[in-house]
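Beneath this line is the structure, given in C-alpha cells, with notes to follow.
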C-alpha cells in the first residue's frame, strides 16, 4: 500500500513538472523524496511461534524504534530477515522496529528530517554531521547521556568494561564533560583497520629483474622498468600502466607517508611530534619535495593520466586486465583479482600480488610511516548508536541498555560475528568457530553477502565488537591478503592522530580556516602534479595559506589534541 | 469570442463566472489543480523554512527552538576567501548556458519544424528528448568516459593524428564541458515549448509570404521567428531568473580538485561546506542570497523587456 502511494506521488510530481514546463533543481524535491520514511512493523519477519512463546514467558516484547541506514545486501530485503536480528529479538524479548529508510543515499537528510519530527528510540549516525557534534546533541536534549547516570551505567557493564580497558577507545568515546553517551562498534584489534595499503605485481618485478622496493628511489626504478619493458610478458611493451590511482588519491596519499605527510589533514610532525599541517612540516620542504616528485613521475608517464577521474571499478578493470603494476588495494580484493588474473594474465601461473611494506621515510630511512589514521582508531568515534530522550520517555531505555550490553557480551559477540551455533557456524577442534558450508557456500571468497543473512562480521554501525577472526574469514582470505594485512599493520604509526571531532568554542574558527585551506591545497597539489601549474605555484600556495591563517588552525588543533590526550 | 458574449460574462459576478467556466472546462481545472498543488506543497509551503538562514539551526531543536543568530551566516559567506571566484564561475557557466543552451533549442525547433516527413520528424524529436531522461549520475559518467584520457574524444583525436588531451583536468575546458553536455541532455527537451509555439504559427501568413515570393529561409526569418518571439523572450527571462544558480549535482559529479578554479560554483561550495558539515543554516543563507539576486535581476530584465518589446512575464 505504501509503495503504491509513493508511485502515485511521484507520478503526480512528474506530471505537474511536465505541465508547468519548468522543472528546477532545488532542495524541495530532495526533501520530498527523503521524507518518505515510515515505520514498519517487523511482524512479518518474526516467526510467530517464537513470539508467542516469548510473550507467554516475559509478557509482550518491548518495542524499540531504531533509525539505521538501509540494508544494501543482495538477497535480503531488510534487517529483519537477518538471523542475528531475529535472535536478538527472541533472546531479549524485544521487538525491534527499524525505521524504513527508502533512500540510502540521503541518509543524512533522513536523519535530519527524522529528528526534526518524532524521535525514534535509537539512532545510528555519524554525529560529526550534527552541528556541534554529539556533545551538542546531548546538550540539545536529543541524546540521553549514559555514564553520568549511575543507573544507566550499571546496565551496560560489558560495554564499559571494554571501553575502560582500552585507552584509545576511552579517549575517543569520552565527551568533553567526561561522559560516554554513544555506543560504538569497537575493534577486538585495530589490526582489522589495516585492510588497505599499496600492492605491487611481484611477478612483474621478477620479469624486469628487480627486488621488492623499500624506498622511494627503488619504487621509482621499478615503475620506470614497468613502463619501458614488457613487464606483463604479453609481448607488448607499451600496454603497462606503471601506477594508477582513484580520484580520491588513495595511493598518492599513502605514498605521502614516505615524506612523513598526511594529505590535507592535521597530523603529528615526524620531526617534532607536535600537531602540524602537512604543508608546514620542515618549513614546507617535505611537501615541496613530495609534490614535485609526484609531478616528475606524472611527467615521466609513470602515473595513469586518468587517475583524477578513476573510480574503484576503473582500477579493478586495469588490475584484472593485467595492465596495472602498482596500486592501492584492500585485502578483500586479492581473491577476486587473483581469480580473474588466473584467466586474463599473459602468464597466469606467475601472477603474484604483494602488499608492500611502507617505504622508508625520506628523511630517516629506519622509519616506515603510514597515513592510515584508522590504525589508531579502536572504534569509530563519531559513528555511534545513541538512545534518544524518546526512549527515556516511553520507558524502553532500560530494555535498550540491556539489549546493547548483550550485544557486547561474550555471547552477543558470537551472535553478531558468527551467528548461531548449528545454524551458521560450529566449533572446530581448536575450539574456534568455523563457518558451516551453507554460509561459505563452498566458495571461500565471494561470501561477504551470503554471510550477512546470519550475522555481520564485516559491518560496523551497530553496538558490537568486531571480531578479527570472523572479519578475516570473509575480508582477508588467502596468504597474500594476510601478509598484506600484517605489513599494513606493522607500519610506524608516529604521525597518526586518531579521529577527533573538533568541538568547543574554537570549532567554528577552525572549520572556517580549514575549509579554505583544504580547497587551496587540494587544488594546487593536483595542478602541480599533473603539470597544469609549475612548482612556483607552491610558493603562491604558501602565501595564500599564511593569509588564510593556517598557523592559527594548527594552534587550535594542538589545544584540542592536548585536551584529548589529557582525558 | 463575440463582443456581446464577453460583455455578458463581465457583467456576472466572479463566482458565477467561475462556476460557468468550471462547468465548461472541468478537465483543464483538473489538470491545473495538480500544478497548483505542486506549487503550494513544494514551492510555497517550504518558504517558511527560510528563517533557518537567520538561526543556528539544529534539527533536534526544530525550527522554532533553534537560536537566532542574525546575519552571522551571511557575514561568514561574504568573508569567504573564495567568494569572488565562486561568483565568477557561477556567472560564466550560466551566461554560457544562457547563450548556447538558450538559443540552440530555438534553432533546433526551427529545423525540426521544417522537416516534412512525419515519421522522420517524430524520430528526430524522440531521439533528441531521450538524453533528458538519463539520470544525472549516469549522464555524467558517460561524459567523463567520453572526455577521459583514453576516451572516445581522444581516440578520435589520435585517429586524426592529434595529441591526447586530459580534458577532465584542464580548468579552461570545464565550463565548456558543462555547457555542451547540458546541451546534449536538454536540447530536445527544451525545444518542446518552441515546437508548440511553432505549431501555432498561422499557415495563412506563411502561404501569403510564399505567394509574395519569400523563399523558405525568408519565411522563417520574417514570419516564423516574429511569431514565436514572445515565447523566446519569456523562456529567456525565465533562464535569466536563475542566473545565480547552478545545480550542485552536476558540478560535483563532473569536477575534480584540478579544475576547481573554474568549476567551483556557489552551490558546490555550499554543498561541501554547508551540507556535508551539517550546517544547514549556512546553506540556506547562501541560497537565500542567491535567490534575492536572481529575483532582482529578473525584475530588471522583465522591465527592460516590457519597455523594449512589450513582452514580459507580468
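Chains as they are written, first to last, in this note's numbering: chain A, 1 to 567; chain B, 1001 to 1314.
Even for Gly, the Cβ is constructed at its ideal location relative to N, Cα and C.
CA-to-CA distance, residue j to residue i, given in whole angstroms
i, j, result
"residue 1307 of chain B", "residue 1301 of chain B", "10 Å"
"residue 241 of chain A", "residue 1166 of chain B", "16 Å"
"residue 1001 of chain B", "residue 1187 of chain B", "Reliability fails at residue 1001 of chain B, whose pLDDT of 48 lies under 50, so the model's placement of it is uncertain and no value is given."
"residue 475 of chain A", "residue 188 of chain A", "15 Å"
"residue 110 of chain A", "residue 101 of chain A", "7 Å"
"residue 135 of chain A", "residue 503 of chain A", "8 Å"
"residue 1312 of chain B", "residue 1035 of chain B", "22 Å"
"residue 120 of chain A", "residue 1273 of chain B", "28 Å"
"residue 592 of chain A", "residue 166 of chain A", "Past the boundaries of the shown model lies residue 592 of chain A; chain A is included only from 1 to 567, so the question cannot be answered."
"residue 361 of chain A", "residue 254 of chain A", "12 Å"
"residue 1020 of chain B", "residue 1026 of chain B", "10 Å"
"residue 1082 of chain B", "residue 516 of chain A", "8 Å"
"residue 1102 of chain B", "residue 1183 of chain B", "9 Å"
Proximity test, Cβ basis, 8 Å: residue i and chain B
i, result
"residue 569 of chain A", "This structure cannot speak to residue 569 of chain A, because chain A is shown only from 1 to 567."
"residue 172 of chain A", "no"
"residue 118 of chain A", "no"
"residue 142 of chain A", "yes"
"residue 413 of chain A", "no"
"residue 522 of chain A", "yes"
"residue 136 of chain A", "yes"
"residue 561 of chain A", "no"
"residue 106 of chain A", "no"
"residue 306 of chain A", "yes"
"residue 556 of chain A", "no"
Counterpart residues of residue i in DSSP-defined beta bridges
i, result
"residue 95 of chain A", "A:63"
"residue 1024 of chain B", "Residue 1024 of chain B pairs with nothing; no bridge assigned."
"residue 361 of chain A", "A:364"
"residue 482 of chain A", "Note: residue 482 of chain A sits in no beta bridge, so no partner."
"residue 379 of chain A", "A:186"
"residue 199 of chain A", "A:327, A:355"
"residue 120 of chain A", "For residue 120 of chain A, which the question treats as bridged, DSSP gives no partner whatsoever."
"residue 427 of chain A", "A:433"
"residue 388 of chain A", "A:143"
"residue 568 of chain A", "Here chain A covers residues 1 to 567 and nothing more, so residue 568 of chain A does not appear."
Beta carbon proximity, residue i to chain A, threshold 8 Å
i, result
"residue 1061 of chain B", "yes"
"residue 1310 of chain B", "no"
"residue 1257 of chain B", "yes"
"residue 1104 of chain B", "no"
"residue 1081 of chain B", "yes"
"residue 1157 of chain B", "no"
"residue 1307 of chain B", "no"
"residue 1088 of chain B", "no"
"residue 1027 of chain B", "no"
"residue 1098 of chain B", "no"
"residue 1229 of chain B", "no"
CB contact below 8 Å: residue i versus chain D
i, result
"residue 1262 of chain B", "Of the protein chains in the structure, A and B, none is chain D."
TODO: Residues of the segment 501 to 518 of chain A with a CB closer than 8 Å to any CB of chain B: list them in chain order, please.
DONE: Hits within the stretch, in order: 511, 512, 515, 516.
TODO: Please list the residues of the segment 308 to 336 of chain A that have a C-beta atom closer than 7 Å to any C-beta atom in chain B, keeping them in chain order.
DONE: For the segment 308 to 336 of chain A, the set of positions with a beta-carbon nearer than 7 Å to some beta-carbon of chain B reads 308, 309 in chain order.
Task: At least three beta-carbon pairs within less than 8 Å, the segment 1243 to 1257 of chain B to the segment 1129 to 1146 of chain B - done: The segment 1243 to 1257 of chain B, when compared against the segment 1129 to 1146 of chain B, does touch it at the 8 Å Cβ threshold.
Task: Segment contact, 8 Å Cβ cut-off, at least three pairs: the segment 145 to 152 of chain A with the segment 342 to 358 of chain A - done: Per the Cβ contact rule, the segment 145 to 152 of chain A is not in contact with the segment 342 to 358 of chain A (fewer than 3 Cβ pairs under 8 Å).
Open item on the list: With three or more beta-carbon pairs closer than 8 Å as the criterion, would you say the segment 1280 to 1298 of chain B touches the segment 1206 to 1225 of chain B?
Closed with: Too few Cβ pairs lie closer than 8 Å, so no.
Task: Selection of the segment 525 to 553 of chain A by Cβ proximity to chain B, strictly under 9 Å - done: Using a CB distance below 9 Å, the part of the segment 525 to 553 of chain A facing chain B consists of 525, 526, 527, 529, 530, 532, 544, 547, 548, ordered along the chain.
Open item on the list: With three or more beta-carbon pairs closer than 8 Å as the criterion, would you say the segment 364 to 383 of chain A touches the segment 495 to 506 of chain A?
Closed with: Yes, they touch.
Task: Sufficient close CB pairs (3 or more, under 8 Å) joining the segment 1090 to 1098 of chain B to the segment 148 to 162 of chain A - done: The segment 1090 to 1098 of chain B is not in contact with the segment 148 to 162 of chain A.
Task: Three or more C-beta pairs below 8 Å linking the segment 203 to 212 of chain A and the segment 415 to 433 of chain A - done: No, the segment 203 to 212 of chain A does not touch the segment 415 to 433 of chain A.
- [ ] Assess, as a yes-or-no matter, whether the segment 249 to 258 of chain A is touched by the segment 322 to 331 of chain A under the definition of 3 or more beta carbon pairs within less than 8 Å.
- [x] By the C-beta criterion, the segment 322 to 331 of chain A is judged to be in contact with the segment 249 to 258 of chain A, since at least 3 inter-stretch pairs fall below 8 Å.
TODO: For the segment 227 to 260 of chain A, enumerate the residues whose C-beta is nearer than 9 Å to any C-beta of chain B, in chain order.
DONE: Under the 9 Å Cβ criterion, the segment 227 to 260 of chain A contributes 247, 249.
Open item on the list: For the structure I just gave you, are there three or more beta carbon pairs, one from the segment 222 to 229 of chain A and one from the segment 304 to 313 of chain A, closer than 8 Å?
Closed with: Too few Cβ pairs lie closer than 8 Å, so no.
Task: Meets three-Cβ-pair contact criterion under 8 Å: the segment 376 to 390 of chain A and the segment 126 to 140 of chain A - done: Yes, since at least three Cβ pairs between the segment 376 to 390 of chain A and the segment 126 to 140 of chain A fall closer than 8 Å, the two stretches touch.
- [ ] May I ask you to verify whether the segment 1274 to 1282 of chain B touches the segment 1071 to 1083 of chain B, counting CB pairs closer than 8 Å and requiring at least 3?
- [x] Three or more beta-carbon pairs drawn from the segment 1274 to 1282 of chain B and the segment 1071 to 1083 of chain B are found closer than 8 Å, and the two stretches are therefore classed as touching.
TODO: Closer than 9 Å, Cβ to Cβ, to anything on chain B: give me those residues from the segment 144 to 174 of chain A, in chain order.
DONE: Taking 9 Å as the cut-off between beta carbons, none of the residues of the segment 144 to 174 of chain A comes near chain B.
Task: Any 3 or more C-beta pairs closer than 8 Å across the segment 1097 to 1113 of chain B and the segment 271 to 278 of chain A - done: Taking a cut-off of 8 Å for Cβ pairs, the segment 1097 to 1113 of chain B and the segment 271 to 278 of chain A do not touch, as fewer than three such pairs fall below it.
Task: the segment 1179 to 1198 of chain B in contact with the segment 1277 to 1287 of chain B per 3-pair CB rule at 8 Å - done: Too few Cβ pairs lie closer than 8 Å, so no.
Open item on the list: Using 8 Å as the cut-off, can you tell me whether the segment 540 to 552 of chain A makes contact with the segment 515 to 523 of chain A, which would need three or more C-beta pairs spanning the two stretches below that distance?
Closed with: By the C-beta criterion, the segment 540 to 552 of chain A is judged to be in contact with the segment 515 to 523 of chain A, since at least 3 inter-stretch pairs fall below 8 Å.
Task: the segment 169 to 183 of chain A contacting the segment 332 to 339 of chain A, beta-carbon criterion three pairs below 8 Å - done: Contact fails: fewer than three Cβ-Cβ distances are below 8 Å.
- [ ] Mind the definition here: the segment 228 to 242 of chain A touches the segment 399 to 407 of chain A only if three or more C-beta pairs lie below 8 Å; say whether that holds.
- [x] Segments in contact, no.
Task: Where the segment 202 to 228 of chain A meets chain B: residues whose CB sits under 9 Å from a CB there - done: From the segment 202 to 228 of chain A, no residue has a Cβ closer than 9 Å to chain B.
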